[in-house]
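Visitor: For reference, the structure I am asking about is given below.
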Amino acid sequence: EQPITTGVSASAVAVDVPASVKAQNHLMRSESSRARIVQVLNLVLFLDFLGNSLMMSNSAYLFYPADPSTTSQADIDRKIGVFYKDGKDLGIDQATAQNLGSTLSTLAQAVAAFLSGYIAKVIGRRGCLLLYTIGASGFFVLTYFTQDWGLLSYYGLRICTGLLAGSQPIVNSYIYDLYPDPAEAQKKASGVLGLIAIALAVGPLAGNAMGQTNLFIPFFVAGGLEFFGGIMLLTFVPKVVKKAEDSENDAKTDDNDKVAAASKANEEAKTAFKKRNYKRWMAIFWIARLFDRLGGNSMSHLVTYGMRSY
């Protein structure tokens, strides 16, 4: 595996680049190579959303009032109402218990989206995506076993999984690294929106079909999807070296470094107002997205509970 750099002017900052990396840079100038990487990134994001949506139609059944004396053996084996008694023991009603898991997961996703940029600076965008896919795979598989571990372990693992659900902003950043032209990058990044819509539409139906035997099987399948996404990243997506303007401390100080630093300071001064507006817009966007996800999750649980009741 060799890292690559994209969108960096060689005259801006003097950096010692190995010959193997230069060969990768030459390869990345190929549109077909970049298009393949974007396709893999879109697939990884699709699998991420698909895995997270598999339980949308099933989770309400976990809290359904199930009386062992009147519930059929098939429903008991399917784990219907497995957390109903745990919720009562915690002193929370059925509706609160069934929605609390999705609410905690959604709040954790908001935290993940906020922190993803900082994590990517430390371990790189590819490393961050591997953490989100392989890590989430492990937590999904562990959630499968909460059918025996109890409600609190279920809530805890839903939070852990949500904290590893920040792939979308990282994928977008990676695409913008591959395509320095903002218009072209935006066009490439918007292609995944249709796949996300398909994942959110197909996921609940597929999860319902998987849960006919055991309601926790979708968690196991979601773990497999995330793991497959991680393998695709390792196989087809190279690591992007942080841009040279972010690596000045690692390069030797010379005249080119000073010129680059002065140019960067000038650009930052020119765009300070735009950055302030951007941060304000991002804050509004994530607040709106949070309420959107909360509303969507709540409605899915209400519909599922209503269908079960009748």
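Just so you know, we're using the numbering used here here: the sequence shown kicks off at 736 and counts up by one. Glycine included, C-beta positions come from ideal geometry on N, C-alpha and C.
Can you give me the Cβ contacts of TYR879 inside the same chain, cut-off strictly under 6 Å, excluding the 5 residues immediately before and after it?
Guide: Counting only Cβ-Cβ distances below 6 Å, and skipping sequence neighbours, we find PHE951, PHE954, PHE955.
Visitor: Nearest to PHE849 by CA position, among ASP1027, GLY859, ALA1018, PHE1026, is which residue?
Guide: If we check each option's Cα against that of PHE849, ALA1018 comes out closest.
Visitor: Closest by CA to TYR909, which one among LEU899, THR896, ALA900, LYS923?
Guide: Ranking LEU899, THR896, ALA900, LYS923 by Cα distance to TYR909 puts LYS923 first.
Visitor: If PHE798 and ALA832 are in contact, beta carbons under 8 Å, what's the gap, nearest whole angstrom?
Guide: PHE798 to ALA832, Cβ: 5 Å. Contact.
Visitor: Is there contact here, the stretch 912-928 with the stretch 867-877, by at least three beta-carbon pairs under 8 Å?
Guide: With a cut-off of 8 Å, the stretch 867-877 and the stretch 912-928 do not count as touching, because too few Cβ pairs lie within range.
Visitor: Suppose you measure from the CA of ALA932 to the CA of ILE811; what does that come to, to the nearest Å?
Guide: Rounded to the nearest angstrom, the two C-alpha atoms are 33 Å apart.
Visitor: From ALA1023, PHE1026, ILE1022, VAL972, pick the residue whose C-alpha is nearest to that of VAL773; which is it?
Guide: Of the candidates ALA1023, PHE1026, ILE1022, VAL972, the one whose C-alpha sits nearest the C-alpha of VAL773 is VAL972.
Visitor: Three or more beta-carbon pairs under 8 Å between the stretch 820-830 and the stretch 785-793, yes or no?
Guide: Flag = no, the stretch 820-830 and the stretch 785-793 do not touch.
Visitor: Considering only residues of the stretch 889-974, which uninterrupted alpha helix (DSSP H) runs meet the minimum length of 4 residues and lie entirely inside it, listed in chain order?
Guide: For the stretch 889-974, whole alpha helix (DSSP H) runs of length 4 or above, ordered along the chain, are 902-913, 917-925, 927-945, 952-971.
Visitor: Where do the N-terminal and C-terminal ends of the alpha helix (DSSP H) with ASP812 fall, by residue?
Guide: Note, ASP812: alpha helix (DSSP H), 808-812.
Visitor: Judging by CA-CA distance, which residue of GLY786, GLY891, GLY929, GLY958 is the nearest neighbour of SER840?
Guide: Residue GLY891 is the option with its Cα nearest to SER840.
Visitor: Once you ignore the five residues that flank VAL817 on each side, which residues in its own chain have a CB closer than 6 Å to its CB?
Guide: Closer than 6 Å at the Cβ level, and outside the excluded window around VAL817, lie LEU797, GLN882.
Visitor: Are TYR867 and ALA845 closer than 9 Å when you measure CB to CB?
Guide: In this structure, ALA845 does not lie closer than 9 Å to TYR867 by Cβ.
Visitor: Take the Cβ of GLY836 as the centre, count every other Cβ of all protein chains shown within 10 Å, and call the residue buried at 16 or more, exposed below.
Guide: The residue in question, GLY836, is buried, as its Cβ has 16 or more Cβ neighbours within 10 Å.
Visitor: Tell me whether LYS814 is buried or exposed, calling it buried when 16 or more other Cβ atoms sit within 10 Å of its Cβ.
Guide: That one is buried.
Visitor: Quick one: Cα of GLY946 to Cα of VAL876, how far?
Guide: Cα to Cα, the separation comes out at about 15 Å.
Visitor: To the nearest angstrom, how far is it from the Cα of GLY929 to the Cα of ALA941?
Guide: Approximately 18 Å, taken between the alpha carbons.
Visitor: Whole angstroms are fine: how far does the CA of GLY859 sit from the CA of VAL937?
Guide: In a straight line, the C-alpha of VAL937 is about 32 Å away from that of GLY859.
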